[in-house]
Amino acid sequence: METLHLIVGVAVIASNLLAGAWGGVAWLRNRPSVAFWYLLRIAQGSVVVQVVLGTALLVLGHEAPDGLHYLYGLLPLVVTLLAEGARVGAAERELSGLDFESLPSDRQRLFALAIVRRETGIMAVSALLVLFLALRAAGTSGELL
């Protein structure tokens, strides 16, 4: 199970790097990317799997050589959940006090694009933060990547 935890850890790092970079480029270019959202969900799923594996290892009596490993291992899940909340809040802020349905279709499109851009930025930053935390977790694991 330790080997699987290591493999999924590498997947967390790689998938969050890819999602963060892809989302960052999409945000900078101001172009929505459907692929980004698929990459992001894969990255988020890998975080959940990694936390479950780490918890299982802990329950089975395996301990990390450094206590910080637990902090760096759990924080990516916290960041993921907080980012999802911020993403939802961003859409609500953009639409607050606005009768979206009464707007002409071209204005609706502009608002929708603004919301997607804001959400993409939030989630790309969160993926890069998860990447950093996962690298720190790897550094405190006692294993070399």
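Heads up, the sequence shown is in my numbering, so the first residue is 15 and it goes up one at a time.
Each residue gets a CB set at the ideal place from its N, CA and C atoms; glycine is no exception.
- With a threshold of 16 other beta carbon atoms within 10 Å, glutamate 106 falls short and is exposed.
- Between the alpha carbons of arginine 43 and leucine 20 lies a distance of about 35 Å.
- Note on geometry: alpha-carbon atoms of arginine 132 and glycine 34 lie some 14 Å from one another.
- One Cα belongs to phenylalanine 125, the other to valine 39, and the distance between them is close to 20 Å.
- For glutamate 108, the closest alpha carbon among the candidates Val66, Ala128, His83, Val48 is that of Ala128.
- Of Asp120, Gly23, Arg150, Thr134, the smallest CA-CA separation from glycine 59 is found for Gly23.
- Serine 60: member of the alpha helix (DSSP H) spanning 48-73, first to last residue.
- By the CB criterion at 8 Å, leucine 145 and leucine 31 fall inside the cutoff.
- Residue burial annotation: histidine 76 is exposed, with fewer than 16 other C-beta atoms found within 10 angstroms of its C-beta.
- At the C-beta level, alanine 148 and proline 90 come within 8 Å of one another.
- Around the CB of leucine 117, fewer than 16 other CB atoms lie within 10 Å, so the residue is classed as exposed.
- At a Cβ-Cβ threshold of 8 Å, glycine 87 and glycine 68 count as neighbours.
- For arginine 45, there is no enclosing alpha helix (DSSP H), as DSSP marks it with neither H nor E.
- Only buried fits phenylalanine 50, as 16 or more other CB atoms lie within 10 angstroms of its CB.
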